[in-house]
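Colleague: Questions regarding the structure given below will be posed in turn.
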Amino acid sequence: MFPVMFMDCWSLYILDTEKKIAMVLDPTETDPLDEMKRKHEALARKFQRRFYNLFNDKFGAGLVETTGWSFVYPLVAQHEPCTREDGVVYVVHYILEFTGLYLRSNMNQEQIEHLRKKIACEIVTMKGNKGCIPEFLYEEILD
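Every number in the numbering used here is 334 more than the matching position in the sequence shown, counting from 1.
Structure (structure tokens):
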């Protein structure tokens, strides 16, 4: 799973090397039309090709087949298209809740706000990220 920022919005690209399927989940495009495909098709193909070429260059040529892939744009989200600002929150939710076929749960506004705060807290307290925490407190709090 790869969070991807494209056109100022976050999406999730999922690459299944065994089934040779690239899946795109975009929380800002959740209607039944082909908007997601039109928006992402060229970038998804480029991403898949470059990622696996890089992977094969680093770990052995031919390890991952780069041709014959299917690209799918499932409408797994049962929510209205979200704003750009909420996109990253939905992508984290997709990472946590997507089974490969469906989302185990949907979020209400309260859960969106909670997850946004949780993400912010995780970033601020991430090991190696000293941010604005004074040095004398950093070791006491985080290490």
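Glycine included, C-beta positions come from ideal geometry on N, C-alpha and C.
1. Between the C-alpha atoms of residue 422 and residue 343, what's the straight-line distance to the nearest angstrom?
2. Could you check how far apart the C-beta atoms of residue 366 and residue 425 are, in whole angstroms? I think they sit under 8 Å.
3. Count the other CB atoms within 10 Å of the CB of residue 341; is the residue buried (16 or more) or exposed (fewer)?
4. Going by DSSP, what residue range makes up the alpha helix (DSSP H) through residue 406?
5. Helix, strand or coil for residue 409? Go by DSSP, reduced to three states.
6. Span of the beta strand (DSSP E) holding residue 340?
7. With distances taken Cα to Cα, identify the nearest neighbour of residue 377 among 405, 388, 393, 389.
8. For residue 409, which residues from the same chain have a beta carbon less than 7 Å from its beta carbon, with the 5 sequence-adjacent residues on both sides left out?
9. Determine the burial state of residue 428: buried for a count of at least 16 other Cβ atoms within 10 Å of its Cβ, exposed for fewer.
10. Could you pull the DSSP bridge partners for residue 356 from this structure?
11. How far does the alpha helix (DSSP H) with residue 369 in it extend, from its first residue to its last?
12. Could you give the distance in angstroms between the alpha-carbon of residue 384 and the alpha-carbon of residue 394?
13. Out of 461, 401, 381, 446, which one is the CA nearest neighbour of residue 416?
Modeller: Per the coordinate set shown:
1. By 1-based counting over the sequence shown, the position of residue 422 is 88. By 1-based counting over the sequence shown, the position of residue 343 is 9. So the alpha carbons of these two residues sit roughly 8 Å apart.
2. As a position in the sequence shown, residue 366 is number 32, starting the count at 1. As a position in the sequence shown, residue 425 is number 91, starting the count at 1. Not quite, the Cβ-Cβ distance comes to about 21 Å (not below 8 Å), so this is no contact.
3. Reading the sequence shown from its first residue, position 7 is the one you call residue 341. Looking at its Cβ environment, which holds fewer than 16 other Cβ atoms inside 10 Å, residue 341 is exposed.
4. Locating residue 406 in the sequence shown gives position 72, counting from the first residue. Residue 406 -> not in any alpha helix (DSSP H); beta strand (DSSP E) instead, spanning 404–406.
5. What you label residue 409 is simply residue 75 of the sequence shown in a count that begins at 1. Looking at residue 409 - three-state DSSP - the assignment turns out to be coil, as it is neither helix nor strand.
6. For the purposes of this step, residue 340 is taken as residue 6 along the sequence shown, with counting starting at 1. Unbroken beta strand (DSSP E) run through residue 340: 336–340.
7. Start at 1 with the first residue of the sequence shown, and residue 377 comes out as number 43. The candidate whose alpha carbon is nearest that of residue 377 is 405.
8. Locating residue 409 in the sequence shown gives position 75, where the first residue counts as 1. For residue 409, where only same-chain residues beyond five positions count, the Cβ hits under 7 Å are 364, 366.
9. Along the sequence shown, read from residue 1 onward, the residue named residue 428 stands at position 94. The residue is buried, with at least 16 neighbouring Cβ atoms inside 10 Å.
10. One-based indexing of the sequence shown puts residue 356 at position 22. Paired residues: 349, 405.
11. Taking the first residue of the sequence shown as 1, we reach residue 369 at position 35. Its alpha helix (DSSP H) spans residues 369–393.
12. By one-based count along the sequence shown, residue 384 stands at place 50. By one-based count along the sequence shown, residue 394 stands at place 60. Each residue's Cα considered, the two are about 15 Å apart.
13. Sequence index remark: in the sequence shown, residue 416 carries index 82 (1-based). Comparing Cα-Cα distances from residue 416 to each of 461, 401, 381, 446, the minimum goes to 446.
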